[in-house]
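So the protein sequences, as listed, match chains A and Y.
So the first sequence is numbered by this note's numbering: it starts at 7 and just counts up by one.
So the second sequence is numbered by this note's numbering: it starts at 184 and just counts up by one.
Virtual Cβ for every residue (Gly too), placed ideally from N, Cα, C.
Notes follow once the structure below has been shown.
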Amino acid sequence: MRVTLRIQRFNPEKDQQPWWGEYAAEVEPDERLLDALYYVKSYVDGTLTFRHSCVHGVCGSDAMRINGRNTLACQVLVKNLGPTITIEPLPGLRVVKDLLVDMERFFELYQSIHPYFISYSPPPEKERLQTPRDRLRFDDTTRCILCACCTSSCPSYWANPDYVGPAAIVNAHRFVFDSRDEGAYERLEILGSRDGVWRCRTIFNCVEACPRNIQITRAITEVKNALMARRV
Amino acid sequence: MNHRYDAVIVGAGGAGLMAALNLCRSARVAVISKLYPARSHTGAAQGGIGAALGNQEEDHWQWHMFDTVKGSDYLADQDAAEILCREAIETVYELEHWGLPFSRTADGRIAQRTFGGHTRDCGKASVRRSCYSADRTGHMILQTLYQQCIQNHIDFYNEFFLLDLLVHEGRSVGVVAISLATGEIHVFHAKAVLLATGGCGRVFSITSNAHAVTGDGMAAALRAGLPLEDMEFYQFHPTGICKLGILLSEAARGEGGVLRNRDGERFMEQYAPTLQDLAPRDMVARAMVREIRAGRGIDGRDFLHLDLTHLGAEAIESKLPDISGFVRTYLGIDPVKEPIPVQPTAHYMMGGIPTDVQARVVIDPQNTVLPGLYAAGECACVSVHGGNRLGTNSLVDILVFGRRGARHAAQFVADSQWPALPPGIEDGPRQRIEKLRTATGQERPAAVLRDLQQMMMHNVAIFRTAAELVAARDALGGLRQRYRQIYLDDHGVIYNTELLLALELGGLLDLAEVIVHSALAREESRGAHFREDFPQRDDANWLKHTLARLGLDGGVQREYKAVVITQFPPQERKY
Numbered sequence: 007m008r009v010t011l012r013i014q015r016f017n018p019e020k021d022q023q024p025w026w027g028e029y030a031a032e033v034e035p036d037e038r039l040l041d042a043l044y045y046v047k048s049y050v051d052g053t054l055t056f057r058h059s060c061v062h063g064v065c066g067s068d069a070m071r072i073n074g075r076n077t078l079a080c081q082v083l084v085k086n087l088g089p090t091i092t093i094e095p096l097p098g099l100r101v102v103k104d105l106l107v108d109m110e111r112f113f114e115l116y117q118s119i120h121p122y123f124i125s126y127s128p129p130p131e132k133e134r135l136q137t138p139r140d141r142l143r144f145d146d147t148t149r150c151i152l153c154a155c156c157t158s159s160c161p162s163y164w165a166n167p168d169y170v171g172p173a174a175i176v177n178a179h180r181f182v183f184d185s186r187d188e189g190a191y192e193r194l195e196i197l198g199s200r201d202g203v204w205r206c207r208t209i210f211n212c213v214e215a216c217p218r219n220i221q222i223t224r225a226i227t228e229v230k231n232a233l234m235a236r237r238v
Numbered sequence: 184m185n186h187r188y189d190a191v192i193v194g195a196g197g198a199g200l201m202a203a204l205n206l207c208r209s210a211r212v213a214v215i216s217k218l219y220p221a222r223s224h225t226g227a228a229q230g231g232i233g234a235a236l237g238n239q240e241e242d243h244w245q246w247h248m249f250d251t252v253k254g255s256d257y258l259a260d261q262d263a264a265e266i267l268c269r270e271a272i273e274t275v276y277e278l279e280h281w282g283l284p285f286s287r288t289a290d291g292r293i294a295q296r297t298f299g300g301h302t303r304d305c306g307k308a309s310v311r312r313s314c315y316s317a318d319r320t321g322h323m324i325l326q327t328l329y330q331q332c333i334q335n336h337i338d339f340y341n342e343f344f345l346l347d348l349l350v351h352e353g354r355s356v357g358v359v360a361i362s363l364a365t366g367e368i369h370v371f372h373a374k375a376v377l378l379a380t381g382g383c384g385r386v387f388s389i390t391s392n393a394h395a396v397t398g399d400g401m402a403a404a405l406r407a408g409l410p411l412e413d414m415e416f417y418q419f420h421p422t423g424i425c426k427l428g429i430l431l432s433e434a435a436r437g438e439g440g441v442l443r444n445r446d447g448e449r450f451m452e453q454y455a456p457t458l459q460d461l462a463p464r465d466m467v468a469r470a471m472v473r474e475i476r477a478g479r480g481i482d483g484r485d486f487l488h489l490d491l492t493h494l495g496a497e498a499i500e501s502k503l504p505d506i507s508g509f510v511r512t513y514l515g516i517d518p519v520k521e522p523i524p525v526q527p528t529a530h531y532m533m534g535g536i537p538t539d540v541q542a543r544v545v546i547d548p549q550n551t552v553l554p555g556l557y558a559a560g561e562c563a564c565v566s567v568h569g570g571n572r573l574g575t576n577s578l579v580d581i582l583v584f585g586r587r588g589a590r591h592a593a594q595f596v597a598d599s600q601w602p603a604l605p606p607g608i609e610d611g612p613r614q615r616i617e618k619l620r621t622a623t624g625q626e627r628p629a630a631v632l633r634d635l636q637q638m639m640m641h642n643v644a645i646f647r648t649a650a651e652l653v654a655a656r657d658a659l660g661g662l663r664q665r666y667r668q669i670y671l672d673d674h675g676v677i678y679n680t681e682l683l684l685a686l687e688l689g690g691l692l693d694l695a696e697v698i699v700h701s702a703l704a705r706e707e708s709r710g711a712h713f714r715e716d717f718p719q720r721d722d723a724n725w726l727k728h729t730l731a732r733l734g735l736d737g738g739v740q741r742e743y744k745a746v747v748i749t750q751f752p753p754q755e756r757k758y
């Protein structure tokens, strides 16, 4: 089938302003949008720039805005996107070139919530024990691939770039509700601050955007509840 | 721009991050990666990491070692295989201590599942040895290691591409890389360099591997005049999603899934009576191609069915959530209700940069060390996988040898003087970049890459013959000619990803050359290297490792190296 890709273009070495490019691509209906973009880059315009790697939705490289929705280009099939497909860089992040955005700030916010296992007790000789029920408690938030679809879809983040954003809270949740971790209170202190979880207005854009179907707003609510109850 | 670090690690997958964590307390370390952190292909590993914890039934590292050696078709070096299987156990506990969220048994221990080629008591039956986190074990390993790197304030150079190894007066002195963001050339002067750049699955058209898996470290080793070991041994994973090649973990069969042909027959019963669908990957992939050739593919076509329908929705959703998601997304099929069309997909390079068990790069059949250079993971060949890797052993390999390389490098850094860095050492790579960036030929690099991948898939895949390999060798000549005439649309410096593609393609062409020549020379069938014109294993002549390097004339020079055999003399390989 033949589709038209409307792609927001911007080359910092040439352009003052972003502009729209239109490209016809001959694709199989079952192909991914990433395949269509790759086709354009390979055979039509080699300057088209976007990140991509795993091609099946696990590495998080090719997050972009497709027909107005943040998602991964390798996780949507062309046949579900209509004859004309509009493709833009993720909103809320600085555009560097075409669909490629500056990820530095996103990773800074992620790192600000201490996204690593904290334990003050010496580990046992073998594994720490954890019941399947305790393991399930934070299962959903272990699936995050740091693609930035959620944070860049969040109106609260657009309004205040100091807000840690949903991705960072998801990753804090992964540790706060892990029965083995002992860093919950230091993380909750960060998340309870002015630019922490209270900036979330439960708009649910993040849930819509998450390519891993993580129940992000629920995770954020659980963190809010833990803050109010002062316990996890 | 110039940098100076005690140690530079190239690659931020499991091997690179594990190395960084083991070096950072005693040395100044930088990690260079062409991707953003946590995007590396380790994250795509699904089914588990093998270790004889014995959590769910009796198991011993010696059994694991036997399976690894037998799985390798006796080409693995047994001293290395012993280290792999012994140290696997402490490695899994270390990951758990770093917070890795393994799936759990009812009594709270790390859960384990069966996997291809892993057996109880040296072949009696399948054993639960694969420690897993649902079907995203690699994702959890990569995340956990990256989290530890954040805590340890490791210096990352993200989106930097390795151009060349710097070797001067017989020792490694650093690397040259290009920043994709700026196009700037960076020289990293280092006492020790550890390559952890992964495999080269993108040399084939149907692969489970990410676009980024283009063998950059192996290709850089070739350009530096170093040999690559056993490059004829390339693994095809039996269950790739039809046409797309996306991996469906062996865990699907570990949890009870079976392969069926057009008649609904569980054909693996005939090929491997004891282990059946859990035979090693080389055997299952060959059995699948034989079924397809005999007209027993689904509807007589070139794929078979992976049937999970008898497992029940609960088991599929809880133990295989990611792969069932892939099947729904890309095929529109519900694996709870319908069988999944699958075909073998290019998956793993057993060969690579030759190293010893300290992950030190060695350069000849006498195992002469190149001081200061290390390699670990899929880019390296220790060799623990020999002719065929067992599932779950790649994750063990990256961690065990990433750590061993780092520990040795830490000592090497402490004991050695700064090597001289001759001025202008980066001129070669700089000129190569400029020439490519401004090239104005008639060939698009993407077209040459596509034709290389299809040619390799056609001639150098699961079954091989001299005629096909000769055809491949001749075709490579033509592809190289076309590569010399490429042009780029993008002449810019900021994120010139077309230039990146052209650089990767240059490396893949070199690697294909070495793969094809090594395969043509090896006139026997062993592990994943199957020659229809030489269908038997030939220990008398071929129980040896290939070392192949590129000559100055573009030809390939070969030498051979003895296999280390300690406990398990070669036997016939039946399952």
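Terminal residues of the alpha helix (DSSP H) in which residue i lies
i	result
glutamine 245/Y	244-254
alanine 658/Y	649-666
arginine 473/Y	464-476
leucine 40/A	39-49
alanine 404/Y	399-406
glycine 588/Y	576-598
serine 701/Y	680-704
leucine 204/Y	197-206
isoleucine 91/A	Note, isoleucine 91/A: premise wrong, no alpha helix (DSSP H); beta strand (DSSP E) at 90-94.
lysine 502/Y	496-502
glutamine 326/Y	320-334
methionine 451/Y	451-454
glycine 611/Y	610-620
Whole-angstrom C-beta distance between residue j and residue i, which should lie under 8 Å
i	j	result
asparagine 211/A	proline 161/A	7 Å
leucine 619/Y	alanine 695/Y	In fact, because the Cβ distance is near 19 Å, the residues do not count as touching under 8 Å.
glycine 611/Y	aspartate 347/Y	7 Å
valine 358/Y	alanine 407/Y	Contact doesn't hold; Cβ gap of about 10 Å is too wide.
glutamate 626/Y	arginine 665/Y	5 Å
aspartate 260/Y	leucine 503/Y	Incorrect: roughly 34 Å between the Cβ atoms, too far for contact.
methionine 76/A	leucine 54/A	As written in the sequence, residue 76/A is asparagine, which differs from the methionine given in the question. In fact, because the Cβ distance is near 19 Å, the residues do not count as touching under 8 Å.
leucine 345/Y	glycine 535/Y	So it is not a contact: roughly 15 Å between Cβ atoms.
arginine 38/A	valine 82/A	7 Å
alanine 395/Y	leucine 218/Y	6 Å
serine 701/Y	methionine 414/Y	5 Å
Residue interval of the beta strand (DSSP E) (run including residue i)
i	result
arginine 71/A	69-72
cysteine 314/Y	308-314
alanine 558/Y	552-558
arginine 732/Y	727-733
alanine 745/Y	739-745
- [ ] Below 7 Å between beta carbons is the criterion; list the residues of the stretch 111-141 of chain A that meet it against any residue of chain Y, in chain order.
- [x] Within the stretch 111-141 of chain A, the residues whose Cβ lies closer than 7 Å to some Cβ of chain Y are Gln117, Pro121, Tyr122, Phe123, Pro129, Lys132, Glu133, Arg134, Leu135, Gln136, Thr137, Pro138 and Arg141, listed in chain order.
Task: the stretch 517-541 of chain Y: positions lying closer than 9 Å to chain A by Cβ - done: Answer set for the stretch 517-541 of chain Y: empty.
Open item on the list: Counting beta carbon pairs with one atom in the stretch 299-307 of chain Y and one in the stretch 145-155 of chain A, are three or more of them shorter than 8 Å?
Closed with: Here the stretch 145-155 of chain A does not lie against the stretch 299-307 of chain Y, with fewer than 3 beta-carbon pairs under 8 Å apart.
Task: Any 3 or more C-beta pairs closer than 8 Å across the stretch 188-203 of chain Y and the stretch 185-204 of chain A - done: No: the two stretches stay apart, fewer than three of their Cβ pairs being nearer than 8 Å.
- [ ] Return the residues of the stretch 234-262 of chain Y that lie within a Cβ-Cβ distance of less than 7 Å from chain A, sorted by chain order.
- [x] Residues passing the 7 Å Cβ filter: none.
Task: Residues of the stretch 10-26 of chain A with Cβ closer than 9 Å to any Cβ of chain Y, in chain order - done: Of all residues in the stretch 10-26 of chain A, Asn17, Pro18, Glu19 and Lys20 have a Cβ within less than 9 Å of some Cβ in chain Y.
Open item on the list: Residues of the stretch 58-72 of chain A in Cβ contact with chain Y at a cutoff of 8 Å, in chain order, please.
Closed with: Of all residues in the stretch 58-72 of chain A, those with a C-beta nearer than 8 Å to a C-beta of chain Y are His58, Ser59, Cys60, Val61, His62, Gly63, Val64, Cys65, Gly66 and Ser67, reading in chain order.
TODO: Mind checking the stretch 83-114 of chain A against chain Y and listing, in chain order, the residues whose C-beta falls within less than 8 Å of any C-beta there?
DONE: Flagged, chain order: Leu83, Val102, Lys103, Leu106, Met109 and Phe113.
- [ ] Give, in chain order, every residue of the stretch 618-651 of chain Y whose Cβ lies closer than 9 Å to some Cβ of chain A.
- [x] Contacts with chain A (Cβ-Cβ distance below 9 Å) from the stretch 618-651 of chain Y involve Arg627, Pro628, Ala629, Ala630, Leu632 and Arg633, listed in chain order.
TODO: Could you tell me whether the stretch 566-582 of chain Y touches the stretch 262-270 of chain Y, where touching means 3 or more Cβ pairs closer than 8 Å?
DONE: Short answer: they touch.
Open item on the list: Please list, in chain order, the residues of the stretch 432-451 of chain Y that have any C-beta partner in chain A closer than 9 Å.
Closed with: Answer in chain order: no residues at all.
Open item on the list: Going residue by residue through the stretch 107-194 of chain A, where are the continuous alpha helix (DSSP H) segments of at least 4 residues, counting only ones entirely within it?
Closed with: Fully enclosed alpha helix (DSSP H) runs of 4 or longer: 110-118, 138-143, 161-165 and 171-182.
Open item on the list: At a CB distance below 9 Å, what residues from the stretch 145-159 of chain A approach chain Y? Give them in sequence order.
Closed with: Cβ contacts with chain Y come from Asp145, Thr148, Arg149, Cys150, Ile151 and Leu152.
TODO: Using a Cβ-Cβ cut-off of less than 7 Å, give me the residues of the stretch 680-705 of chain Y that come near chain A, in sequence order.
DONE: So the close ones are Thr680 and Glu681.
Task: Any beta strand (DSSP E) of 3 or more consecutive residues that is wholly inside the stretch 336-401 of chain Y - done: For the stretch 336-401 of chain Y, whole beta strand (DSSP E) runs of length 3 or above, ordered along the chain, are 338-341, 343-351, 354-362 and 368-378.
Open item on the list: Could you check whether the stretch 714-726 of chain Y touches the stretch 218-231 of chain Y, counting it as contact only if at least three pairs of C-beta atoms, one from each stretch, sit closer than 8 Å?
Closed with: Contact fails: fewer than three Cβ-Cβ distances are below 8 Å.
Open item on the list: Tell me whether the stretch 241-256 of chain Y and the stretch 548-559 of chain Y touch, counting them as touching only if at least three CB pairs, one residue from each stretch, are closer than 8 Å.
Closed with: The stretch 241-256 of chain Y makes no contact with the stretch 548-559 of chain Y, as fewer than three CB pairs between them are under 8 Å.
Task: chain Y contacts from the stretch 215-227 of chain A (Cβ-Cβ distance under 7 Å) - done: Under the 7 Å Cβ criterion, the stretch 215-227 of chain A contributes no residue.
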